[in-house]
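Participant:
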Amino acid sequence: MRLSFSARLFGVLLLGLPMGQAAAADAAHPGAAVVAAGPTRQQARLNQQVFDRVWDEVRRGYYDPSLHGVDWGVARAQFRPQALAAPDERALYRVLNAMLDLLDDGHAAASPPAAVRRQEAQFARRAVMGLTLMLGATPDDWTVERVRPGSPAEAAGVQIGWALNSVDGQPWGPDVETFDGRPVRLVLTDETGQRREITLTPRIMEAVQPFVADTSRPGVLVLRVEQFDKGLGPWMGSALEGLPPDVDVVLDLRGNPGGRLMEAESVLTCFLPRGQAWATRTGRTGRAVVLRAAGNCGDRRDPLANPVAVLVDQGSRSAAELTPAALQEARRGIVVGERTGGSVLIAQETNLPDGGRLTLSRADFVTAGGMRLEKRGVTPDVAAPRTVAQRRAGDDPTLEAAIAALRGRDRAAATGL
């Protein structure tokens, strides 16, 4: 099991980052359609193993022993027969997640094998359509969050904000995969309610980098972090090495779903005095552990003194919430943008018998100031939302507001002075 702050694996599917997170379905692919026939004997046996593992992990390992008042025995009686009768992967994982939804916990989720494969290969060179989708209130509710430049989706005119209705005649789901050169037919609805039918052919594109340093603006270093992945701390330390004192730093965590706890700690170590407390975690037993800035910021031994701003939005979750919260409380950075998602518990991932993965909250989390961010989120110091129209046009008022704040009245809060 890996300790992380990851949000639900299929809550955001990065179709336009490498194919791992990218995917549209082929109608002939086994995961692309939900069929009416019952499971084979072998499938039913595997369904049972997967369900029992998920149910037992929650019973034995969830951070709240009371399970927020949910009667887990009753849940088993209700959902186990449905799981055993599930005809395929999609149907099984919908049952599992319907049961996990009883916990009202954004981290508690079961990800099917196809979603796990995409997660593990998301920064690889793969075939992509070029879309990032955001999950809505139901398993079939998906909205285009990003369109990758130079991708098949951009060439076809797909726009941010459109709803994806179906792929090859079936609802989109985390079990759907795409393949190089194999066309897929999308049905979308635009902002006016007009139906749009588009055929795309996924193709190989180079990997999107998880961390990017942008020095295109004079006097500003923008560090864009897609997620808190392995190697982030040393990369950030290297990016900050030798930075002149008159250069402001903007940490862009918008749309970042979270990631590894140790990388969040490493990022904070780049900006906070080593050993400074920034949070407390409390596990199932009730034992509290103080988290301190003691991570790996490359070769840096002292925290950066330059002014810092952190960009956040509703898609910033988990580690992308605790990081700005810690900097905000320490008066070490200005938080700019929109209130974050409020999904901040410490989770672990457990492999399931069929190749899927269970993500489950194993510890509660409060900031050094005693603030619990779960269901609450981080409130920015400077509210600066970005509309769909601005995103389509390439305008970024959130970034501009951060730069203005760093150079204006909020500079003291950004330096900790």
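Those letters in the sequence shown? Residues -24 to -1, 1 to 393, by mature numbering (1 follows the signal peptide of the UniProt record, and there is no 0). Ideal Cβ positions, reconstructed from N, Cα and C, are used throughout, including at glycine.
In the DSSP assignment, find the unbroken beta strand (DSSP E) run with residue 23 in it and report its ends.
Facilitator: No beta strand (DSSP E) contains residue 23, which is instead part of the alpha helix (DSSP H) from 17 to 37.
Participant: Can you grab the Cα-Cα spacing for the pair residue 44 / residue 84, in whole Å?
Facilitator: Using only the alpha carbons, I get a separation of about 13 Å.
Participant: Would you report the Cα separation of residue 9 and residue 80, rounded to the nearest angstrom?
Facilitator: Reliability fails at residue 9, whose pLDDT of 38 lies under 50, so the model's placement of it is uncertain and the value that follows must be treated cautiously. Rounded to whole angstroms, residue 9 to residue 80 spans 28 Å at the Cα level.
Participant: Taking 7 Å as the limit between beta carbons, can you name the residues of its chain near residue 404, skipping five residues before and five after?
Facilitator: Any answer about residue 404 is impossible in this case: the structure gives the chain only from -24 up to 393.
Participant: Closest by CA to residue 184, which one among 229, 100, 146 and 117?
Facilitator: Nearest of 229, 100, 146 and 117 to residue 184, Cα basis: 100.
Participant: Using alpha carbons as the reference points, say which of 69, 70, 74 and 95 lies closest to residue 48.
Facilitator: Looking at the Cα atoms, 74 is the closest of the given residues.
Participant: Would you call residue 21 buried or exposed, if buried means 16 or more other Cβ atoms sit within 10 Å of its Cβ?
Facilitator: Exposed, by the Cβ-count rule.
Participant: Assign residue 297 to one of two classes, buried (16 or more other C-beta atoms within 10 Å of its C-beta) or exposed (fewer than that).
Facilitator: Residue 297 is buried by the Cβ-count criterion.
Participant: Quick check: the region 271 to 289 against the region 55 to 73, are there 3 or more CB pairs under 8 Å?
Facilitator: Verdict: no, contact absent.
Participant: Anyone know if the C-beta pair for residue 332 and residue 92 falls short of 8 Å?
Facilitator: Cβ atoms of residue 332 and residue 92: closer than 8 Å.
Participant: Apart from the five residues just before and just after residue 227, which ones in its own chain have a Cβ nearer than 6 Å to its Cβ?
Facilitator: Contacts found: 199 and 286.
Participant: Where does residue 26 land, buried or exposed, given buried means 16+ other C-beta within 10 angstroms?
Facilitator: So residue 26 counts as buried.
Participant: With DSSP as the reference, identify every bridge partner of residue 175, one or two as the case may be.
Facilitator: 161, per the DSSP bridge assignment.
Participant: Can you give me the Cβ contacts of residue -15 inside the same chain, cut-off strictly under 7 Å, excluding the 5 residues immediately before and after it?
Facilitator: In this prediction, residue -15 scores a pLDDT of 35, lower than 50, which makes its location untrustworthy; the coordinate-derived value is nonetheless stated afterwards. Correct list, in chain order: 87, 91, 111 and 150.
Participant: Under 8 Å: do the region 304 to 314 and the region 346 to 360 share three or more Cβ pairs, one atom per stretch?
Facilitator: Touching, yes.
Participant: For residue 147, tell me which candidate among 265, 329, 223 and 67 has the shortest Cα-Cα distance.
Facilitator: Of 265, 329, 223 and 67, the residue nearest in Cα terms is 67.
Participant: Between which two residues does the alpha helix (DSSP H) holding residue 92 run?
Facilitator: That run of the alpha helix (DSSP H) goes 89 to 96.
Participant: Where residue 231 and residue 316 are concerned, what is the direct C-alpha to C-alpha distance, given to the nearest angstrom?
Facilitator: Their Cα atoms are separated by approximately 10 Å.
Participant: Let me make sure I understand the geometry here. Which of 339, 192 and 247 has the alpha-carbon closest to that of residue 270?
Facilitator: When each option's Cα is compared against that of residue 270, the closest is 247.
Participant: Give the DSSP bridge partners of residue 48, in chain order.
Facilitator: Bridge partners of residue 48: none, in fact.
Participant: Hey, is residue 273 close to the ligand ADP, as in C-beta under 7 Å from one of its heavy atoms?
Facilitator: Ligands displayed in this structure: none; no statement on the ligand ADP is therefore possible.
Participant: Are the region 203 to 212 and the region 120 to 127 touching by the rule of at least three beta carbon pairs closer than 8 Å?
Facilitator: They do not touch, by the three-pair rule.
Participant: List the endpoints of the continuous beta strand (DSSP E) containing residue 121.
Facilitator: Per DSSP, residue 121 belongs to the beta strand (DSSP E) from 118 to 123.
Participant: In this structure, how does DSSP classify residue 180 when only helix, strand and coil are distinguished?
Facilitator: Correct three-state label for residue 180: strand.
Participant: Let me confirm a value: residue 224 is counted as buried when at least 16 other C-beta atoms fall within 10 Å, else exposed. Which label applies?
Facilitator: So residue 224 ends up on the buried side.
Participant: Assuming residue 301 and residue 349 form a contact by the criterion Cβ under 8 Å, report the distance between their Cβ atoms to the nearest whole angstrom.
Facilitator: Correct: roughly 6 Å between the Cβ atoms.
Participant: Give the single residue among 351, 268 and 259 whose Cα lies nearest to the Cα of residue 42.
Facilitator: When only C-alpha atoms are compared, the closest one is 259.
Participant: Which residue's Cα is closest to the Cα of residue 379: 163, 158 and 222?
Facilitator: When only C-alpha atoms are compared, the closest one is 222.
Participant: Can you tell me the Cβ-Cβ gap for residue 322 and residue 257, rounded? I've got them flagged as a contact below 8 Å.
Facilitator: Correct: roughly 5 Å between the Cβ atoms.
Participant: Is the beta carbon of residue 30 closer than 8 Å to that of residue 267?
Facilitator: No. Outside cutoff.
Participant: Taking the DSSP output, what are the residues bridged to residue 360?
Facilitator: According to DSSP, residue 360 bridges with nothing at all.
Participant: Got a sec, what are the start and stop residues for the alpha helix (DSSP H) residue 142 sits in?
Facilitator: Looking at the DSSP string, residue 142 is not in any alpha helix (DSSP H); the run it does join, the beta strand (DSSP E), is 139 to 143.
Participant: Can you tell me which of 137, 104, 113 and 54 puts its alpha carbon nearest to the alpha carbon of residue 127?
Facilitator: Checking every option, the nearest Cα to that of residue 127 belongs to 104.
Participant: DSSP puts residue 204 in a beta bridge; with which residues?
Facilitator: DSSP, once it has assigned bridges, lists 235 as partnering residue 204.
Participant: Which two residues bound the contiguous beta strand (DSSP E) that contains residue 308?
Facilitator: No beta strand (DSSP E) contains residue 308, which DSSP labels as neither H nor E.
Participant: Apart from the five residues just before and just after residue 62, which ones in its own chain have a Cβ nearer than 7 Å to its Cβ?
Facilitator: 15, 23, 68 and 71, listed in sequence order.
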